[in-house]
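Following the numbering used here, the numbering of the sequence shown begins with 2 at its first residue and continues without gaps. Just so you know, even glycine gets a beta-carbon here, dropped at the ideal spot from N, CA and C.
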Amino acid sequence: MYRGSVHGLYRWPVKSLRGERVSSALLDHRGMAGDRAYALIDERPDRAGKRLTVRQNAAMLTWEAAYPATCDGAPEPPGPPVLYRGGEAWAWDDPDLPAALSESYGVPLSLRAADGQQDRGPTVHVTFEASRRALEEEMGAEVDVTRFRPNVHLDLDAPAFAEKAFDGGTTISAGEVTLGIVGENAGLCVRCAVPSWDPHGRARWPELQSHLIAEHGNTFGLIMRVLVPGVTRVGEAASVANVPAPSALPAP
């Protein structure tokens with residue numbers, strides 16, 4: 002068993018926009034409550050009805066989405082997020098918001114609200130501080146964990162990249178919550194090109210993705226599902242149970 006604590010909690014209200022760091026969050030059958038509950042829909046003729054993501058338009062990272070401050074610690078965000086760009090704030094239901102976003106991205110857009118718009122279903126993305134630090138050492142440069150858009154970031158006494166050997170019997174407890182690697186699309190998180198962009202979309206670092214492909218099978222972190230729902234908080238105890246035998250762990 003590995004032990005430690007919840008190092009950070011991150012919520013991404015609008016898919017592919019920058020998100021928010023929160024002190025506590027509800028995790029349930031949807032994943033993290035309020036996470037990716039909103040999306041921008043591409044209305045170009047060849048993509049009409051599809052979600053616009055950073056993979057098509059890195060400028061999405063120039064906008065930030067956050068729920069009102071009173072939502073931090075609330076089990077359920079009571080209303081839609083506010084979007085920010087520079088010094089401007091836009092309510093989700095502002096009739097001028099679609100036009101402002103379309104002008105910013107150069108794409109005709111509409112807005113959609115729907116729970117659970119993660120790429121891999123209603124899941125929770127978990128990353129590990131030991132692995133982030135090891136990746137920094139390998140790259141010889143700072144690696145901001147928000148490049149990977151996690152929900153739960155854990156600081157454990159596990160070795161770096163120990164999660165590569167976690168299997169379907171492994172569970173993670175964090176506060177009231179228990180997570181497991183169960184069902185379709187769970188397990189190691191295969192990365193797209195998004196982590197190669199800095200969190201604000203200003204510059205690309207292709208060497209990071211090349212390194213992940215060459216050294217880590219293009220994976221970082223875990224995709225997990227909620228087995229026992231509840232609230233987890235930054236600083237609360239976390240543990241990993243049913244860890245594979247040491248011989249199964251990746252070599253240091």
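According to DSSP, Leu157 shares a beta bridge with Gly5. The continuous beta strand (DSSP E) containing Ser174 extends over residues 172-175.
For Ile214, the enclosing alpha helix (DSSP H) has its first and last residue at 207-217. 7 angstroms or more divides the Cβ of His154 from the Cβ of Val144. Beta bridge pairing from DSSP links Ala114 with Tyr39.
The beta carbon of Gln119 sits closer than 7 angstroms to those of Gly32, Arg37, all from its chain and outside the five residues before and after it, given in chain order. Counting only the Cα atoms, Trp64 lies some 8 angstroms from Gly87. Nearest to Ala114 by C-alpha distance, out of Tyr39, Ala26, Val178, is Tyr39. Put simply, the backbone Cα of Gly50 is about 10 angstroms away from that of Leu112.
Comparing alpha carbon positions, the residue from Ser174, Arg133, His201 closest to Val125 is Ser174. A distance below 7 angstroms separates the beta carbons of Gly202 and Ala59.
Rounded to whole angstroms, the separation of the alpha carbons of Val227 and His8 is 18 angstroms. Beta-bridge partners of Asp29 (DSSP): Gly32. From the listed residues Ala92, Arg121, Ala100, Val241, the smallest Cα separation to Ile42 is found for Ala100.
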